[in-house]
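A quick write-up on the structure given underneath.
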Amino acid sequence: MPVILRDDVPPAAEPSRPFMTGLGCGFTRRCPGCGKGRLFDGYLKVRPACDACGADNDRYPADDAPPYFTILLVGHLVVGPMLWLHAITTWPLWQSMSVFPPAVVALTLTLLPFVKGAVIGAAWSLGIVREPEPTLPA
Ligand SMILES: [Zn+2]
């Protein structure tokens, strides 16, 4: 779905939508507009309307950014210590395979909703919204 920058959404430089506020509210899985309402219905489904302020948070696109940033984060959190551990000691393969792959899966599934919230908060701050669905001629 194409992403557009709309003129009616204030840019990040305006104090009404500070970037760190959007990022922080999104990371805590709260509505970036009010900081009170829940951002998600379940694990990753964005609520169509905030239950506190009624804002349509579903219009902020996340697309592939949350998995990308989650993989980037998990890779640094797991691969670095794994390489360091293998540099200072010798682990048998079964031991490595019983620790690191489950750590990758657990960290990825844990971090993904928080990172998706942060991406939505950043989109809210920067005024990035989805293009409205085109209507078919009658
Ligand atoms: Zn709200």
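Oh and the sequence shown: position 45 is 74 in our numbering, straight run, nothing missing.
All C-beta atoms in this analysis are idealised placements derived from N, C-alpha and C, irrespective of residue type, glycine included.
These numbers were taken from a predicted model, which means no experiment stands behind them.
Would you kindly work out how many angstroms separate the C-alpha atoms of residue i and residue j, rounded to a whole number?
{"i": "Pro130", "j": "Asp85", "result": "37 Å"}
{"i": "Ala147", "j": "Pro110", "result": "25 Å"}
{"i": "Ala81", "j": "Trp120", "result": "51 Å"}
{"i": "Val75", "j": "Arg46", "result": "20 Å"}
{"i": "Phe143", "j": "Gly66", "result": "15 Å"}
{"i": "His115", "j": "Val158", "result": "45 Å"}
{"i": "Gly150", "j": "Phe56", "result": "8 Å"}
{"i": "Ile117", "j": "Glu160", "result": "52 Å"}
{"i": "Pro61", "j": "Tyr72", "result": "17 Å"}
{"i": "Leu112", "j": "Arg58", "result": "32 Å"}
{"i": "Cys79", "j": "Gly53", "result": "17 Å"}
Return helix, strand or coil for residue i, following the three-state DSSP convention.
{"i": "Arg88", "result": "helix"}
{"i": "Ala41", "result": "Any reading at Ala41 must be qualified, since the residue scores a pLDDT of 49, below 50, and its modelled position is unreliable; no value is offered."}
{"i": "Lys65", "result": "coil"}
I want to check one thing, is the minimum distance from the CB of residue i to the heavy atoms of ligand 2 below 7 Å?
{"i": "Gly62", "result": "With respect to ligand 2, the structure offers nothing, as its ligand set consists of ligand 1."}
Below 8 Å on the Cβ atoms is my contact criterion, and I expect residue i with residue j to pass it. Report the Cβ-Cβ distance as a whole number of Å.
{"i": "Val103", "j": "Thr137", "result": "5 Å"}
Can you tell me which residues fall inside 5 Å of ligand 1, judged by beta-carbon distance to its nearest heavy atom, and keep chain order? Listed along the chain, these residues meet the criterion: Cys60, Gly62, Cys63, Gly66, Cys79, Ala81, Cys82, Ala84.
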